[in-house]
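Undergrad:
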Amino acid sequence: MTMHKPVELVSYDRVWPDAFQRIQAKLLALLPQALTIDHVGSTAIPDMTAKPLIDIDIVLPALEHIESATQVLLSQDYEPRGNRYDDEVWAFLSRGSVPAERVYLCPAGNGTHRNRLAFRDYLIAHPEAAADYAALKRRLAAEFRMDGDRYTAEKREFVDTIVTRALKG
0 MTMHKPVELV
10 SYDRVWPDAF
20 QRIQAKLLAL
30 LPQALTIDHV
40 GSTAIPDMTA
50 KPLIDIDIVL
60 PALEHIESAT
70 QVLLSQDYEP
80 RGNRYDDEVW
90 AFLSRGSVPA
100 ERVYLCPAGN
110 GTHRNRLAFR
120 DYLIAHPEAA
130 ADYAALKRRL
140 AAEFRMDGDR
150 YTAEKREFVD
160 TIVTRALKG
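All letters in the sequence shown, in the order written, are residues 0 to 168 by numbering that gives the first Met the number 0.
Quick look at the structure:
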């Protein structure tokens, strides 16, 4: 039987923006070819309930930069987590960092990256939608405490609706 880590949500931590700035500076020094290094995910949204994990998109000039960036991340003790969205996005999880870091390598023009920024920015600009998302996350975390994949999948409809709204606006 496979053991799964429980879905752990915590209240917003005001140190997350500073942690991101520190991580961003480290990653930019490691990957100077990066076009942008963006704080994405719930920890990037003020007052949002979140997993205590800083999600970061690193946008590289083109797909051919992914392999060399991967080697750099592996040398820095990031664990590869695969191509999670079937969208030329490769995930890595830091080992032992506090807060934890999940880093995604994305080629320029990537749709997943565009959608993450649209979602983040929409929730920052629309506190009522952010409150709805926080409530959904708390309910799903209770319901799917030991099934992180299902927790994530059950958020998809809400996320897609917000992204559609954000990209139309």
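Virtual Cβ for every residue (Gly too), placed ideally from N, Cα, C.
#1: Does the Cβ of D56 have 16 or more other Cβ atoms within 10 Å, making it buried, or fewer, making it exposed?
#2: Assuming P79 is part of the beta strand (DSSP E), what are its boundary residues?
#3: With DSSP run on the structure shown, which of helix, strand or coil describes A61?
#4: In this structure, does DSSP put V6 in helix, strand or coil?
#5: How would you call K136, buried or exposed, if buried means at least 16 neighbouring beta carbons within 10 angstroms?
#6: Please classify M2 as buried or exposed, where buried requires at least 16 other C-beta atoms within 10 Å of its C-beta.
#7: What is the residue span of the alpha helix (DSSP H) that T174 lies within?
#8: Where do the ends of the beta strand (DSSP E) carrying L104 lie?
#9: In chain order, what residues of the same chain have a beta carbon less than 7 Å from the beta carbon of V158, not counting five sequence neighbours either side?
#10: Can you check the stretch 28-59 for any beta strand (DSSP E) of at least 3 residues that lies completely inside it and give the ranges in chain order?
#11: Quick test of your reading: L26 and P60, contact by CB under 8 Å. State the CB separation rounded to the nearest angstrom.
#12: Taking the C-alpha atoms as reference points, what is the distance between I161 and V39?
#13: Report whether the distance from the Cβ of P5 to the nearest heavy atom of the ligand COA is below 6 Å.
#14: Under the three-state reduction of DSSP, which class applies to V158: helix, strand or coil?
TA: The relevant details are as follows:
#1: Counting from one through the sequence shown, the residue named residue 56 turns up at place 57. D56 comes out buried.
#2: On the sequence shown, residue 79 is found 80 positions in, with the first residue counted as 1. Following the DSSP letters along the chain, one finds P79 inside the beta strand (DSSP E) bounded by residues 77-82.
#3: Your numbering for residue 61 matches position 62 in the sequence shown. Looking at A61 - three-state DSSP - the assignment turns out to be coil, as it is neither helix nor strand.
#4: By 1-based counting over the sequence shown, the position of residue 6 is 7. Here V6 sits in coil by DSSP.
#5: As a working note, residue 136 is residue 137 in the sequence shown. The residue is buried, with at least 16 neighbouring Cβ atoms inside 10 Å.
#6: Along the sequence shown, read from residue 1 onward, the residue named residue 2 stands at position 3. For M2, the pLDDT reaches just 48, beneath the cut-off of 50, and the residue's location in the model is therefore unreliable, leaving the point undetermined.
#7: Nothing about residue 174 can be read from this structure; the chain reaches only from 0 to 168.
#8: Taking the sequence shown and counting its residues from 1, the one referred to as residue 104 is at position 105. Counting along the chain, the beta strand (DSSP E) containing L104 begins and ends at 99-106.
#9: Reading the sequence shown from its first residue, position 159 is the one you call residue 158. So the qualifying residues of the chain are F118.
#10: Whole beta strand (DSSP E) segments, 3+ residues: 35-39, 52-59.
#11: By 1-based counting over the sequence shown, the position of residue 26 is 27. By 1-based counting over the sequence shown, the position of residue 60 is 61. The C-beta distance from L26 to P60 rounds to 15 Å, too long to meet the 8 Å contact threshold.
#12: The sequence position of residue 161 within the sequence shown is 162, counting from 1. The sequence position of residue 39 within the sequence shown is 40, counting from 1. Computed Cα separation, rounded: 15 Å.
#13: Of the ligands one can find in the structure shown there are none, so the ligand COA has no counterpart to examine.
#14: Start at 1 with the first residue of the sequence shown, and residue 158 comes out as number 159. Here V158 sits in helix by DSSP.
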